[in-house]
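Here's the structure we're looking at; comments come further down.
Number of protein chains: 2
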Amino acid sequence: MAMDVPRELEFIASLRRLAGDPAARNLLDDAAVIEFGGKQLVLTHDMLIEGVHFLSADPPEDVAWKLVAVNLSDLAAKGARPIGVLLGYGLIADGAWNEAFVRGLGEATAHFEAPLLGGDTVATPAGTPQALGMTAVGEAGERAPSRSGASEGDLLWVSGTIGDSGMGLAIALGKIEGPAALALRYRRPTPRMEAGRALAPLVTAMMDVSDGLLIDSSRMGGASGLCVELELQNLPLSADLLHTVGEKRQTRIGAATAGDDYELLFAAPRERSGRIRALSAALGLPFTIVGRFGTGTGLTLTDGGEPIPLPSSLGYEHRPA
Amino acid sequence: MAMDVPRELEFIASLRRLAGDPAARNLLDDAAVIEFGGKQLVLTHDMLIEGVHFLSADPPEDVAWKLVAVNLSDLAAKGARPIGVLLGYGLIADGAWNEAFVRGLGEATAHFEAPLLGGDTVATPAGTPQALGMTAVGEAGERAPSRSGASEGDLLWVSGTIGDSGMGLAIALGKIEGPAALALRYRRPTPRMEAGRALAPLVTAMMDVSDGLLIDSSRMGGASGLCVELELQNLPLSADLLHTVGEKRQTRIGAATAGDDYELLFAAPRERSGRIRALSAALGLPFTIVGRFGTGTGLTLTDGGEPIPLPSSLGYEHRPA
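In structure tokens, the structure reads:
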């Protein structure tokens, strides 16, 4: 990464000063939400850069899938169903790569019922890392949850398991050996579309976990003007992950800071827990309470109830939203 | 340009096979048009790549302006008013450049009343040409003209003057000397928002001239299943342009193939000419008849009524839409 974090945060702060429209949600949310024709239109744009967000050796079909998945994950966090996607594609010299990318795009847009609506294909100078952009458009229900709605005492939940994708990346990089299922979580993330739509009426705040559970939790807390207390022992880890690296504190901290999970992180009052558990059972997708919101600011981490220091990095900081 | 045209056209053809949704307009249009909440939502995405679509030496404020302008120009061609834009920004190491870009973005979004709604800022590897993406969202009136609606006998019109921006680029490159007004047309194009909205109910087809009058006219003809006859002597050229390069056939061919005009190209039945001229007077913007549609296919060029051969390049071919 050529970028130092302060410069990026400064840049985003100056963009924020431009984004005065209420639909922009002060650029603090995963997506813009616009009232249009009496409905809620949701718009999000994410880029993937070769060498930053994907590896040059990643199969192009998987890169296409990931581009669709990370964008749709932002729609899921607003409880929106996809209407379609627009693609920004920097054509590279490797024709077979381009072709395989289109194949993967076709698979993903069909799988998630998010048809390709348009976009732009541009020539890029030889040797340039590939730059991919996608805009996803969706329709939310009556409520499109924001990051900022959590209340004191709300519980913090996360869907699925976390850390698998981070471990999958380590496997893809040849750093460790592990099961193919983990590599698949990295290469083919699954945005939680159905869960997002079903949860939207029940939650006070929702976002996706893209940069790491710790950093994304602290962002939800910050946006809601509350502190977040997170219990490390409650993190939902997969059997594959535990089998690969073993049950220890560092495993849990690694999982909570790895990012690329594309699970849903949401806040809800304690009394809705029964309905949320029933929904989890109906969807066949675990929802796990990992923390709670309190008065104050910042993030507190406990391990078996004992406060522990925060790791030096809470997750990826290079992404604004 | 690292890209050969056939590869790009092949890629777009394979994308087209994915884009079965009617809103995608078969990827043959400037923008996707979606019926949403009883209204017409218009979406477009364009990218600018350093060294391809702008020069490394271009002032960053102007690059930002251009990014907004080229996207809004696609909305103008659908007769849409802007709702807002989403930005995809590859942050570079030059902090002053990033800052100046935000300044230009602020100017453009304020000028065109197209607020920044969201987007993504990503780190890019050092030395990478800058990749910028923008999605513009707009609302069209009852009719959002397509490229494909022209009928036999319709006249082909263009707004403003053409070729100024191409000459401005030559000036910016130091290839020729010329007035600052032409350089400004290249650096700060003006999308025809108001004209687009006013014309939409009167035209049978409309698009913007981004790649060159000849290629864009032939695309409108192709999409409409008609041939286009274009008269070189009718092209609206500015006094600045004529003064800079002189009145000769090559000046007119150069202007018709240079691109980056961001004028409106539209088709209308002959009997609407009076209303179109009245609109031109009301807007203070010239609309000029440059050709007509006939049965058949392809593009025919005449110079003072005499058929002349087509130039080897009709304009930029690297952009799909």
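First to last, the protein sequences are chains A and B. Going by numbering that gives the first Met the number 0, the residue at position 177 of the first sequence is 176; the numbering climbs one at a time, nothing skipped. Going by numbering that gives the first Met the number 0, the residue at position 36 of the second sequence is 35; the numbering climbs one at a time, nothing skipped. Using N, Cα and C, we set each Cβ at its ideal position, and we do this for glycine too.
Taking CB distances under 8 Å as the criterion, tell me whether Arg-187/A reaches chain B.
Counting from 1 along the first sequence, the entry for residue 187/A is found at position 188. Contact of Arg-187/A with chain B is not assigned, every C-beta pair being separated by 8 Å or more.
Please look up how many angstroms separate the CB atoms of Asp-45/A and Asp-119/B, rounded, as I've assumed it's under 8 Å.
Start at 1 with the first residue of the first sequence, and residue 45/A comes out as number 46. Start at 1 with the first residue of the second sequence, and residue 119/B comes out as number 120. Right, the Cβ-Cβ distance comes to about 5 Å (below 8 Å), so this counts as a contact.
Contacts of Phe-53/A in chain B (Cβ-Cβ under 9 Å):
Mapped onto the first sequence, residue 53/A falls at position 54. Result: empty, since nearest Cβ-Cβ is about 12 Å, beyond 9 Å.
Suppose the cutoff is 8 Å on Cβ atoms and the five residues either side in sequence are ignored; what does the same chain contact list for Pro-200/B look like?
Translated into the one-based positions of the second sequence, residue 200/B becomes position 201. Only Gly-78, Gly-140, Glu-141 and Arg-142 meet the Cβ criterion.
Pick helix, strand or coil for His-44/A, following the three-state DSSP scheme.
Locating residue 44/A in the first sequence gives position 45, counting from the first residue. DSSP, reduced to helix, strand and coil, places His-44/A within a strand of the structure shown.
For the region 161 to 187 of chain B, which segments carrying the alpha helix (DSSP H) assignment without a break, of at least 4 residues, lie completely within its bounds, in sequence order?
You should have 163 to 171 and 179 to 186.
Does the beta carbon of Thr-256/B sit closer than 8 Å to a beta carbon anywhere in chain A?
For this step, residue 256/B is matched to residue 257 along the second sequence. Closer than 8 Å: no.
Under 8 Å by Cβ, that's how I've got Ala-99/B and Pro-114/A pegged, so tell me the actual separation to the nearest angstrom.
Along the second sequence, one-based indexing puts residue 99/B at 100. Along the first sequence, one-based indexing puts residue 114/A at 115. Not really, about 38 Å apart at Cβ, beyond 8 Å.
Could you give the DSSP three-state label for Met-0/B: helix, strand or coil?
Against the second sequence, residue 0/B aligns to sequence position 1. Per-residue confidence for Met-0/B stands at a pLDDT of 32, beneath the threshold of 50, marking its modelled position as unreliable; the derived number appears in the next sentence. DSSP places Met-0/B outside both helix and strand once states are collapsed to three, so it counts as coil.
Counting only beta-carbon atoms, is Glu-60/B nearer than 8 Å to chain A?
Stepping through the second sequence from its first residue, residue 60/B is reached at position 61. So no, Glu-60/B is outside the interface.
Beta-carbon proximity check, Ile-91/B vs Gln-129/B, cutoff 8 Å
Your numbering for residue 91/B matches position 92 in the second sequence. Your numbering for residue 129/B matches position 130 in the second sequence. Yes, they are a contact pair.
Taking the alpha-carbon of Leu-27/A as reference, which of Leu-116/B, Val-67/B and Gln-39/B has the nearest alpha-carbon?
Here residue 27/A refers to the residue found at position 28 of the first sequence. Nearest C-alpha to Leu-27/A: Leu-116/B.
Check whether the Cβ atoms of Val-136/B and Leu-42/B lie closer than 8 Å to each other.
If you number the second sequence from 1, residue 136/B lands on position 137. If you number the second sequence from 1, residue 42/B lands on position 43. It is a contact, given that the beta carbons lie within the stated cut-off.
Same chain, Cβ closer than 7 Å to Leu-71/A, five either side skipped, listed in chain order
Sequence index remark: in the first sequence, residue 71/A carries index 72 (1-based). Result list for Leu-71/A: Pro-81, Phe-111, Ala-113, Ala-135, Pro-190 and Met-192, in chain order.
According to DSSP, is Ala-320/B helix, strand or coil?
The residue given as residue 320/B occupies position 321 in the second sequence. Low per-residue confidence applies at Ala-320/B: pLDDT is 32, beneath 50, and the placement is therefore not dependable, though the value from the model is reported in the following sentence. Note: Ala-320/B maps to coil in three-state DSSP.
Against Ile-48/B, what residues of chain A qualify as contacts under a CB-to-CB distance less than 9 Å, listed in chain order?
In the second sequence, residue 48/B corresponds to position 49, counting from 1. Result: Gly-89, Val-121, Ala-122, Thr-123, Pro-124, Thr-127 and Ala-130.
Within a Cβ cutoff of 6 Å, which residues of the same chain sit near Pro-319/B, ignoring the five residues on either side of it in sequence?
Start at 1 with the first residue of the second sequence, and residue 319/B comes out as number 320. Reliability fails at Pro-319/B, whose pLDDT of 33 lies under 50, so the model's placement of it is uncertain and no value is given.
Kindly list, in the order they appear in chain B, the residues whose Cβ is closer than 7 Å to that of Gly-35/A.
Here residue 35/A refers to the residue found at position 36 when the first sequence is read from its first residue. Before going on, a small fix: residue 35/A reads as Phe here, not Gly. Per Cβ cutoff of 7 Å: Phe-35, Gly-36, Lys-38 and Leu-40.
Chain-order list of residues whose beta-carbon lies under 7 Å from that of Asp-302/B (same chain, five-residue window excluded):
Along the second sequence, read from residue 1 onward, the residue named residue 302/B stands at position 303. Same-chain partners within the cutoff: Leu-231, Gln-232 and Arg-248.
Can you tell me whether Asp-119/A is helix, strand or coil according to DSSP?
Counted from its first residue, the first sequence places residue 119/A at position 120. Under the three-state reduction of DSSP, Asp-119/A is assigned to strand.
By DSSP, does Glu-262/A sit in helix, in strand, or in coil?
Stepping through the first sequence from its first residue, residue 262/A is reached at position 263. DSSP places Glu-262/A in strand when its eight states are reduced to three.
Thinking C-beta only, is Ala-197/A closer than 8 Å to Leu-278/A?
Walking along the first sequence from the start, residue 278/A turns up at place 279. Walking along the first sequence from the start, residue 197/A turns up at place 198. Contact: yes.
Within-8 Å CB hit, Gly-148/B to chain A
Start at 1 with the first residue of the second sequence, and residue 148/B comes out as number 149. Interface criterion not met: the Cβ of Gly-148/B is under 8 Å from no Cβ in chain A.
Beta-carbon proximity check, Arg-251/B vs Leu-225/B, cutoff 8 Å
Walking along the second sequence from the start, residue 251/B turns up at place 252. Walking along the second sequence from the start, residue 225/B turns up at place 226. Not closer than 8 Å, so no.
Sequence-distant residues of the same chain with beta carbon closer than 7 Å to Glu-49/A, five excluded per side:
As a first step, residue 49/A must be located in the first sequence, where it is residue number 50. So the qualifying residues of the chain are Ser-55, Pro-128 and Gln-129.
For Leu-172/B, which residues in the same chain have their Cβ closer than 8 Å to its Cβ, ignoring the five residues on either side in sequence?
Here residue 172/B corresponds to residue number 173 of the second sequence, with the count starting at 1. Closer than 8 Å at the Cβ level, and outside the excluded window around Leu-172/B, lie Leu-54.
Beta-carbon neighbours of Ala-22/A, restricted to chain B and to distances below 9 Å
In the first sequence, the residue the question calls residue 22/A occupies position 23. Under the 9 Å cutoff, chain B gives Ile-82, Gly-83, Pro-114, Leu-116 and Gly-117.
Ignoring anything shorter than 4 residues or poking outside the region 59 to 98 of chain A, list the alpha helix (DSSP H) runs there in chain order.
As far as the region 59 to 98 of chain A is concerned, its whole alpha helix (DSSP H) runs of at least 4 residues are 59 to 76.
For the alpha helix (DSSP H) that Leu-240/B lies in, which residues bound it at each end?
On the second sequence, position 241 is the one that residue 240/B refers to. Following the DSSP letters along the chain, one finds Leu-240/B inside the alpha helix (DSSP H) bounded by residues 238 to 244.
Chain B contact for Ser-312/A (CB, 8 Å cutoff)
As a working note, residue 312/A is residue 313 in the first sequence. Not an interface residue.
Taking only beta-carbon positions, decide if Met-2/B is within less than 8 Å of chain A.
Reading the second sequence from its first residue, position 3 is the one you call residue 2/B. Reliability of the predicted coordinates at Met-2/B is poor, the pLDDT of 42 falling under 50, and the value obtained from them is presented with this limitation in mind. Residue contact check for Met-2/B against chain A: a CB pair falls below 8 Å.
In chain order, what residues of the same chain have a beta carbon less than 8 Å from the beta carbon of Ser-217/B, not counting five sequence neighbours either side?
The residue you call residue 217/B lines up with position 218 of the second sequence. Val-227, Gly-297, Leu-298 and Leu-313.
Which same chain residues end up closer than 6 Å to Pro-306/A when comparing Cβ atoms and leaving out the 5 residues on each side of it in sequence?
Against the first sequence, residue 306/A aligns to sequence position 307. The answer is none, since no qualifying residue turns up.
Close Cβ partners of Glu-60/B (< 8 Å) along its chain, the five nearest in sequence each way excluded
By one-based count along the second sequence, residue 60/B stands at place 61. Taken in chain order, the residues that qualify are Ala-99, Phe-100, Arg-102, Gly-103 and Glu-106.
Where the beta strand (DSSP E) through Thr-256/A begins and ends:
Counted from its first residue, the first sequence places residue 256/A at position 257. Per DSSP, Thr-256/A lies in no beta strand (DSSP E); the unbroken alpha helix (DSSP H) holding it starts and ends at 248 to 256.
Val-136/A versus chain B: which residues are under 7 Å apart at the beta carbon?
Working through the first sequence from its first residue, we reach residue 136/A at position 137. Contacts between Val-136/A and chain B, judged by CB atoms closer than 7 Å, involve Leu-42 in chain order.
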